[in-house]
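Colleague: Under the numbering used here, the first residue of the sequence shown is numbered 19, with each subsequent residue one higher. Note that the Cβ used here is the ideal one computed from N, Cα and C, for glycine as well.
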Amino acid sequence: MTFVQAALHAIISIKNAGWHPAHPVQFYGLLAISAFSLSIVLLVVRKCLYEVFIKMHYLLALTALVALWRHVRLQKAFAQIYMIVGSAIFVGTTILHVVTLLIRNVTSNQFGSRAKVFRAKDSAQIIIPVNRPFTVHAGMTVYVWMPRVSLLSAFQCHPFSIAWWEVNDQGKASSISLLVQKKDGFTRRLIEHQAKEFLTFLDGPYGEPIDLSSYSNILLVASGIGIAAQVPYIRELLSHRPKSIFVAWELDDKFNLDWVYQWMDKLLSQDQGSYSFEGLTETRALEQQTQPYLEVIWSARPMESGIGRLLDAKWYFIGDR
Numbered sequence: 019m020t021f022v023q024a025a026l027h028a029i030i031s032i033k034n035a036g037w038h039p040a041h042p043v044q045f046y047g048l049l050a051i052s053a054f055s056l057s058i059v060l061l062v063v064r065k066c067l068y069e070v071f072i073k074m075h076y077l078l079a080l081t082a083l084v085a086l087w088r089h090v091r092l093q094k095a096f097a098q099i100y101m102i103v104g105s106a107i108f109v110g111t112t113i114l115h116v117v118t119l120l121i122r123n124v125t126s127n128q129f130g131s132r133a134k135v136f137r138a139k140d141s142a143q144i145i146i147p148v149n150r151p152f153t154v155h156a157g158m159t160v161y162v163w164m165p166r167v168s169l170l171s172a173f174q175c176h177p178f179s180i181a182w183w184e185v186n187d188q189g190k191a192s193s194i195s196l197l198v199q200k201k202d203g204f205t206r207r208l209i210e211h212q213a214k215e216f217l218t219f220l221d222g223p224y225g226e227p228i229d230l231s232s233y234s235n236i237l238l239v240a241s242g243i244g245i246a247a248q249v250p251y252i253r254e255l256l257s258h259r260p261k262s263i264f265v266a267w268e269l270d271d272k273f274n275l276d277w278v279y280q281w282m283d284k285l286l287s288q289d290q291g292s293y294s295f296e297g298l299t300e301t302r303a304l305e306q307q308t309q310p311y312l313e314v315i316w317s318a319r320p321m322e323s324g325i326g327r328l329l330d331a332k333w334y335f336i337g338d339r
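1) Output the boundary residues of the alpha helix (DSSP H) element that contains H115.
2) Where do the N-terminal and C-terminal ends of the alpha helix (DSSP H) with I29 fall, by residue?
3) Would you kindly work out how many angstroms separate the C-alpha atoms of L208 and L120, rounded to a whole number?
4) Could you give the first and the last residue of the continuous beta strand (DSSP E) run that contains P223?
5) If you draw a straight line from the C-alpha of A156 to the C-alpha of I228, how long is it?
6) Enumerate in chain order the residues of its own chain whose CB-to-CB distance from L56 is below 6 Å, with the five nearest sequence positions on each side excluded.
7) With three or more beta-carbon pairs closer than 8 Å as the criterion, would you say the stretch 161-177 touches the stretch 217-233?
8) Give a yes or no on contact between the stretch 117-133 and the stretch 67-84, applying the rule of three or more CB pairs nearer than 8 Å.
9) Nearest by alpha-carbon distance to H211: which of H258, K134, R253 and G110 is it?
10) With 16 other CB atoms within 10 Å as the buried threshold, where does A213 fall?
11) Report yes if the CB atom of Q280 is closer than 9 Å to the CB atom of V265, and no otherwise.
12) To the nearest angstrom, how far is it from the Cα of R253 to the Cα of I144?
13) Spell out the partners DSSP gives P177 in its beta bridges.
14) Just to confirm my understanding: we take Y418, look at its own chain, exclude 5 residues before and 5 after, and list those with CB closer than 6 Å. What are they?
15) Which stretch, first to last residue, makes up the alpha helix (DSSP H) that contains V10?
16) Do S257 and S234 count as a contact pair if the criterion is CB distance below 9 Å?
17) Pull up the distance between the alpha-carbon of H75 and that of D283, whole angstroms please.
18) For V198, report the span of its beta strand (DSSP E) as first-last.
19) So what does G238 bridge to, in DSSP terms?
20) Hey, P151 and A191 are a contact pair by Cβ (cut 8 Å); roughly how many whole angstroms apart?
21) Please report the distance separating the alpha-carbon of L329 from that of Y100.
22) Which of the three DSSP states is assigned to R91 in this structure?
23) Looking at Y251: is its Cβ nearer than 9 Å to the Cβ of L237?
24) Using only the alpha-carbon positions, how far apart do T159 and Q98 sit?
25) Hey, out of S168, T111 and V154, whose CA is closest to T218's CA?
26) Count the other CB atoms within 10 Å of the CB of E300; is the residue buried (16 or more) or exposed (fewer)?
27) Leaving aside the five residues before and after Q93 along the sequence, list all residues of the same chain whose C-beta is less than 7 Å from its C-beta, in chain order.
28) Let me check one thing: in DSSP terms, what residues is A142 bridge-paired to?
29) Quick check on this structure: which residue in A142, F216 and K201 has the alpha carbon closest to the alpha carbon of R166?
30) Kindly indicate which three-state DSSP category E305 falls into: helix, strand or coil?
31) To the nearest angstrom, how far is the alpha carbon of G110 from that of V124?
Below, the structure is given as structure tokens:
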């Protein structure tokens with residue numbers, strides 16, 4: 019919409035005043051429109067080169083801002099007031115964001131956090147101590163800055179869903195856990211890196227909680243790394259004790275099971291009921307009592323080669339009946 023309005027303004031102005039690109043007023047106006055145009059063109063590479071896109075987007079936005087200021091300043095137009103107010107709001111929110119980051123990550127004896135990385139096959143779990151504990155709800159995300167992973171990572175900040183968190187006596191998160199799947203760029207460099215700890219800064223958490231406590235039957239579906247977003251909902255729902263929760267999880271590889279073993283065991287220990295673990299390859303009893311509260315069901319699907327491969331995992335939470 020901004021580009022459309024700017025283009026219409028340019029067309030009308032050139033029609034009335036003529037084509038004089040060397041004139042400062044038209045020059046800066048055309049420069050601003052060019053920055054808007056390139057921002058739209060960059061959307062083509064947003065998915066595959068997001069970091070390049072976002073940095074170029076910032077640069078083009080700054081270019082457009084300076085060009086627009088010169089454009090309206092030369093004309094002594096009333097629009098200068100709009101530019102001043104808009105720029106003041108932008109600068110104010112930026113300063114507020116920076117102050118919030120410092121408060122979140124810097125204390126009298128801590129500058130950032132020392133995140134621990136536990137790697138597995140094409141994935142990793144990141145455990146980040148929280149310098150200033152905050153309240154976590156299911157569905158929340160944080161932006162992570164790890165400047166020492168690579169040269170480029172010093173200029174990158176990446177969002178991840180909070181998969182698990184440990185709480186202090188006030189019920190706030192003292193540490194958070196993230197699941198990372200190996201892709202291109204930052205995640206690949208992080209997983210292939212030899213270091214086990216990294217200086218880390220957190221931005222967030224972001225996201226509004228979704229209250230599912232009013233529902234008695236819940237179906238959660240996940241594929242691969244998507245289980246990271248569902249485990250927090252299971253954790254919160256258990257405190258409300260719904261009639262049943264059914265979690266259908268399609269695995270990319272059997273190693274994916276290692277992601278949630280420890281967290282599922284913690285969820286099981288929250289209740290005094292009995293629990294059973296049933297599978298095609300192994301069975302283990304966690305506690306013994308008359309009425310099961312949680313059943314964990316594993317299913318396998320044969321591949322065309324005839325070799326069995328674990329593909330699906332299902333947790334079925336059964337409440338009091």
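Modeller: On the basis of the supplied data:
1) Element bounds for H115: A97 to N123.
2) T20 to A35
3) 24 Å
4) That run of the beta strand (DSSP E) goes E215 to Y224.
5) So the two alpha carbons sit approximately 8 Å from each other.
6) L78
7) yes
8) no
9) Nearest of H258, K134, R253 and G110 to H211, Cα basis: K134.
10) exposed
11) no
12) Distance between the alpha carbons of R253 and I144 is about 19 Å.
13) Y161
14) Nothing about residue 418 can be reported from this structure: the residues present for the chain run from 19 to 339 only.
15) Residue coverage of the chain in this structure runs from 19 to 339, which leaves residue 10 outside it and unanswerable.
16) no
17) 45 Å
18) A191 to Q199
19) It should be noted that the sequence gives Leu, not Gly, for residue 238. Its beta-bridge partners are V265.
20) 6 Å
21) For L329, the predicted structure reports a pLDDT of 37, less than 50, and the residue's modelled location is therefore unreliable. A value from the coordinates is still provided. Computed Cα separation, rounded: 57 Å.
22) helix
23) No, they are not a contact pair.
24) 38 Å
25) S168
26) Its pLDDT being 31, under 50, E300 is placed unreliably by the model, and nothing is read from it.
27) For Q93, where only same-chain residues beyond five positions count, the Cβ hits under 7 Å are V43.
28) R137 and V198
29) F216
30) Its pLDDT being 39, under 50, E305 is placed unreliably in this model, and the value from its coordinates should be taken loosely. Correct three-state label for E305: strand.
31) 21 Å
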